[in-house]
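S.K.: Let me begin by handing over the structure; questions about it come next.
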Amino acid sequence: MFPLDQWYVAAFAWELTDKPLARTLLNQPVVLFRAGGQAAALADRCCHRHAPLSCGTVETPGIRCGYHGLLFNATGECVEIPGQANIPKTACVRAYPVEERNHIVWIWMGNSLPTRPAPEHPWHDDPAYAFKGDVYHYKAPYQLIHDNLLDLSHLGYVHVKTIGGNAKIHVNAEMAVTKGPDWVKVVRHMKDSQPPPTYLEAWPFEGRIDRWQEIEFKVTYFLIWTGGMDAGSGDLADPARPGFHMRGFHGITPETETTSFYFWTISSNRNPARPDMVETIHKASAFTFDEDRTIIEAQHANMERFGEAPMVGILVDAAPNRARKIVERLTES
Ligand code: FES
Ligand SMILES: [Fe+2]
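Numbering-wise, the sequence shown is residues 1 to 333 according to my numbering.
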């Protein structure tokens with residue numbers, strides 16, 4: 001049901017504290033914790049009597065089961081059985097490869113070892129940027145979130161109050177879709193448009209602006225680079241364009257076939273005239289993503305209510321359809 005040989009977001013670094021974190025990822029119950037400061041993930045089932053390890057405690061060198069006290073290290077090996085010197089070789093639980101990079105904890109869910117390092121997201125550690133984010137739980141399948149993020153024509157309808165603005169400018173925006181074997185990229189330019197409410201709160205724009213939206217689908221996450229500059233002040237096609245830049249990170253990890261986790265952050269370049277812009281952007285983004293969740297969960301509930309029925313395709317489905325083809329191929333392989 002899911003592409004397995006992939007790095008998925010399991011958590012943000014700040015979620016791993018001195019307590020175990022239980023999370024079902026791709027139908028697999030996992031316990032996340034820190035062993036000697038390093039992020040680790042084990043199957044959330046003790047090999048003794050199958051109690052959830054997430055009910056235990058984080059201890060050196062790993063996690064102790066809260067039922068009879070077996071202690072496991074980060075590789076899933078049992079290193080202590082209270083009251084017993086001999087530890088059977090079979091006393092172990094599955095360990096998942098984990099990499100923590102730029103405040104993101106990635107997990108490899110495949111049955112084979114990782115074939116590449118986990119992705120980087122340098123803006124989380126770039127002093128020119130500040131970021132904040134959150135984890136949302138969705139009562140909807142992950143691919144409905146993919147569809148939503150790849151089709152920004154919904155901005156003018158779902159997000160009128162925040163990042164949207166006039167629906168017509170979105171529907172008529174210049175758009176280019178490119179693709180590779182495991183990515184899809186949508187670039188949209190909206191010249192000489194009215195800045196939407198969130199942009200005005202976050203950045204001291206003078207008047208009308210030239211806006212860009214660059215959305216990259218990378219199977220388990222999206223990079224969404226949006227922003228705007230005073231109209232005519234730079235070249236929209238130049239990545240070094242001036243103005244207000246928002247670098248969105250969106251990790252979409254299935255929990256089950258019908259539920260998902262949505263890990264998001266927005267990194268924005270700093271403007272001394274708006275010292276609290278990170279908070280402003282976070283609040284507006286949280287509100288925006290709530291709007292998405294509301295419509296997507298309603299859509300999913302309705303799909304369940306009506307059952308299988310053909311859908312009518314329209315032009316804005318081009319990029320979402322490409323992403324679906326990639327997921328289909330990776331799920332089969
Ligand atoms: S169930 Fe874990 S130690 Fe007994
Ligand atoms: Fe949206």
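Backbone N, C-alpha and C fix where the C-beta goes; we use that ideal spot for every residue, glycine too.
Please classify H159: is it buried, with 16 or more other beta-carbons within 10 angstroms of its beta-carbon, or exposed?
M.R.: What you label residue 159 is simply residue 159 of the sequence shown in a count that begins at 1. Its Cβ being crowded by 16 or more others within 10 Å, H159 is buried.
S.K.: Comparing the C-beta of Q28 with each C-beta of chain B, is any distance below 7 Å?
M.R.: Looking for chain B here will not work: only one protein chain is present.
S.K.: So the beta strand (DSSP E) T337 belongs to, where does it begin and stop?
M.R.: Because the chain is modelled from 1 through 333, residue 337 falls outside the range shown and cannot be assessed.
S.K.: Could you check whether P52 and A35 sit closer than 7 Å to each other, using their CB atoms as the reference points?
M.R.: In the sequence shown, residue 35 corresponds to position 35, counting from 1. In the sequence shown, residue 52 corresponds to position 52, counting from 1. In this structure, P52 does not lie closer than 7 Å to A35 by Cβ.
S.K.: Give a yes or no on contact between the segment 75-93 and the segment 209-217, applying the rule of three or more CB pairs nearer than 8 Å.
M.R.: Touching, no, given that fewer than three Cβ pairs across the two stretches are closer than 8 Å.
S.K.: The beta strand (DSSP E) that contains A39, what's its start and end?
M.R.: For this step, residue 39 is matched to residue 39 along the sequence shown. Where A39 is concerned, the enclosing beta strand (DSSP E) stretches over Q38 to A43.
S.K.: Buried or exposed: which applies to H50, given that a residue is buried once 16 or more other Cβ atoms fall within 10 Å of its Cβ?
M.R.: Within the sequence shown, numbered from 1, the residue matching residue 50 stands at position 50. Burial call: exposed.
S.K.: Shorter than 6 Å, the distance from the beta carbon of R49 to the closest heavy atom of ligand 1, or not?
M.R.: Walking along the sequence shown from the start, residue 49 turns up at place 49. Answer for R49: yes, Cβ within range of ligand 1.
S.K.: Cβ of W212 within 7 Å of Cβ of L236?
M.R.: By one-based count along the sequence shown, residue 212 stands at place 212. By one-based count along the sequence shown, residue 236 stands at place 236. Yes, the pair counts as a contact, with Cβ atoms nearer than the cut-off.
S.K.: When every heavy atom of ligand 1 is checked, does at least one fall within less than 6 Å of the C-beta of L71?
M.R.: Residue 71 sits at position 71 when you count from the first residue of the sequence shown. No, the beta carbon of L71 sits no closer than 6 Å to any heavy atom of ligand 1.
S.K.: Helix, strand or coil for L152? Go by DSSP, reduced to three states.
M.R.: As a first step, residue 152 is located in the sequence shown; it is residue number 152 there, counting from the start. DSSP places L152 in helix when its eight states are reduced to three.
S.K.: Please say whether V278 and K337 have beta carbons closer to each other than 7 Å?
M.R.: This structure leaves residue 337 out entirely; the chain is present only between 1 and 333.
S.K.: Taking 7 Å as the cut-off, decide whether the C-beta atoms of D18 and V58 are in contact.
M.R.: On the sequence shown, residue 18 is found 18 positions in, with the first residue counted as 1. On the sequence shown, residue 58 is found 58 positions in, with the first residue counted as 1. A contact, by the Cβ cut-off of 7 Å.
S.K.: Return yes when the Cβ of E255 is within less than 7 Å of the Cβ of T24, no when it is not.
M.R.: Indexing the sequence shown from 1 puts residue 24 at position 24. Indexing the sequence shown from 1 puts residue 255 at position 255. Yes. Within cutoff.
S.K.: Under a Cβ-count criterion, where at least 16 other Cβ atoms within 10 Å of its own Cβ denotes burial, should L113 be classed as buried or exposed?
M.R.: As a first step, residue 113 is located in the sequence shown; it is residue number 113 there, counting from the start. Classification of L113: exposed, given that the 10 Å Cβ count is below 16.
S.K.: Under the rule that 16 or more other beta-carbon atoms within 10 Å means buried, what is M229, buried or exposed?
M.R.: Locating residue 229 in the sequence shown gives position 229, where the first residue counts as 1. M229 comes out buried.
S.K.: Per DSSP, Y221 is paired with what?
M.R.: On the sequence shown, residue 221 is found 221 positions in, with the first residue counted as 1. DSSP output for Y221 lists G251 as bridge partner(s).
S.K.: I believe H124 touches T226 by the beta-carbon criterion, under 8 Å. Please report the beta-carbon distance rounded to the nearest angstrom.
M.R.: Stepping through the sequence shown from its first residue, residue 124 is reached at position 124. Stepping through the sequence shown from its first residue, residue 226 is reached at position 226. Rounded, the Cβ-Cβ distance is 17 Å, inconsistent with contact.
S.K.: Note down the Cα distance separating S233 from P320, rounded to an integer number of angstroms.
M.R.: Position 233 of the sequence shown, counted from the start, is the residue given in the question as residue 233. Position 320 of the sequence shown, counted from the start, is the residue given in the question as residue 320. So the two alpha carbons sit approximately 32 Å from each other.
S.K.: Go through its chain and collect everything with a Cβ distance to V31's Cβ below 6 Å, but skip five positions before and after it.
M.R.: On the sequence shown, residue 31 is found 31 positions in, with the first residue counted as 1. Taken in chain order, the residues that qualify are P20, A22, L42, D44, L53 and S54.
S.K.: Could you round the C-beta distance between S285 and Y129 to whole angstroms and report it? I think they count as a contact, below 8 Å.
M.R.: If you number the sequence shown from 1, residue 285 lands on position 285. If you number the sequence shown from 1, residue 129 lands on position 129. With a Cβ gap of about 14 Å, S285 and Y129 do not count as contacting.
S.K.: Check for me: the beta strand (DSSP E) holding V30 runs from which residue to which?
M.R.: The residue labelled residue 30 in the question sits at position 30 within the sequence shown. V30 -> beta strand (DSSP E) spans Q28 to A35.
S.K.: Is V177 closer than 7 Å to A318 when the C-beta atoms are compared?
M.R.: For this step, residue 318 is matched to residue 318 along the sequence shown. For this step, residue 177 is matched to residue 177 along the sequence shown. Against a cut-off of 7 Å, the Cβ pair of V177 and A318 comes out as a contact.
S.K.: Quick one: what does DSSP say V186 is sitting in, helix, strand or coil?
M.R.: What you label residue 186 is simply residue 186 of the sequence shown in a count that begins at 1. Of the three classes helix, strand and coil, the one that applies to V186 here is strand, per DSSP.
S.K.: Around ligand 2, which residues pass a check of Cβ closer than 6 Å to any of its heavy atoms?
M.R.: This selection yields N148, H154, V158, H159 and D292.
S.K.: In the DSSP assignment, the alpha helix (DSSP H) including A10 goes from what residue to what residue?
M.R.: As a first step, residue 10 must be located in the sequence shown, where it is residue number 10. No alpha helix (DSSP H) contains A10, which is instead part of the beta strand (DSSP E) from W7 to F12.
S.K.: So what does C47 bridge to, in DSSP terms?
M.R.: By one-based count along the sequence shown, residue 47 stands at place 47. BP columns for C47 are empty, so no partner.
S.K.: State yes or no: is the C-beta of A39 within less than 7 Å of the C-beta of E100?
M.R.: Taking the sequence shown and counting its residues from 1, one reaches residue 39 at position 39. Taking the sequence shown and counting its residues from 1, one reaches residue 100 at position 100. Cβ atoms of A39 and E100: closer than 7 Å.
S.K.: CB-CB under 6 Å to D210, same chain, minus the five flanking residues each way: which ones, in chain order?
M.R.: Along the sequence shown, read from residue 1 onward, the residue named residue 210 stands at position 210. The residues are K191, M229, A231 and L236.
S.K.: Taking only three categories from DSSP, how would you classify D292?
M.R.: The residue you call residue 292 lines up with position 292 of the sequence shown. Three-state result, D292: helix.
S.K.: How many Å lie between L4 and L330 at the Cα?
M.R.: Residue 4 sits at position 4 when you count from the first residue of the sequence shown. Residue 330 sits at position 330 when you count from the first residue of the sequence shown. C-alpha separation (whole angstroms): 8 Å.
S.K.: Can you have a look at H137 and say buried or exposed, based on whether 16 or more other CB atoms are within 10 angstroms of its CB?
M.R.: One-based indexing of the sequence shown puts residue 137 at position 137. It counts as exposed.
S.K.: Three-state secondary structure (DSSP) at Q213?
M.R.: In the sequence shown, counting from the first residue as 1, residue 213 sits at position 213. Three-state result, Q213: strand.
S.K.: In whole angstroms, give me the CA-to-CA distance for F263 and A309.
M.R.: If you number the sequence shown from 1, residue 263 lands on position 263. If you number the sequence shown from 1, residue 309 lands on position 309. Approximately 31 Å, taken between the alpha carbons.
S.K.: Tell me the rounded alpha-carbon separation between M311 and I296.
M.R.: For this step, residue 311 is matched to residue 311 along the sequence shown. For this step, residue 296 is matched to residue 296 along the sequence shown. Cα to Cα, M311 sits roughly 16 Å from I296.
S.K.: Do A273 and L150 have their C-beta atoms closer together than 7 Å?
M.R.: Within the sequence shown, residue 273 is the residue found at index 273, counting from 1. Within the sequence shown, residue 150 is the residue found at index 150, counting from 1. Taking 7 Å as the Cβ cut-off, A273 and L150 do not qualify as a contacting pair.
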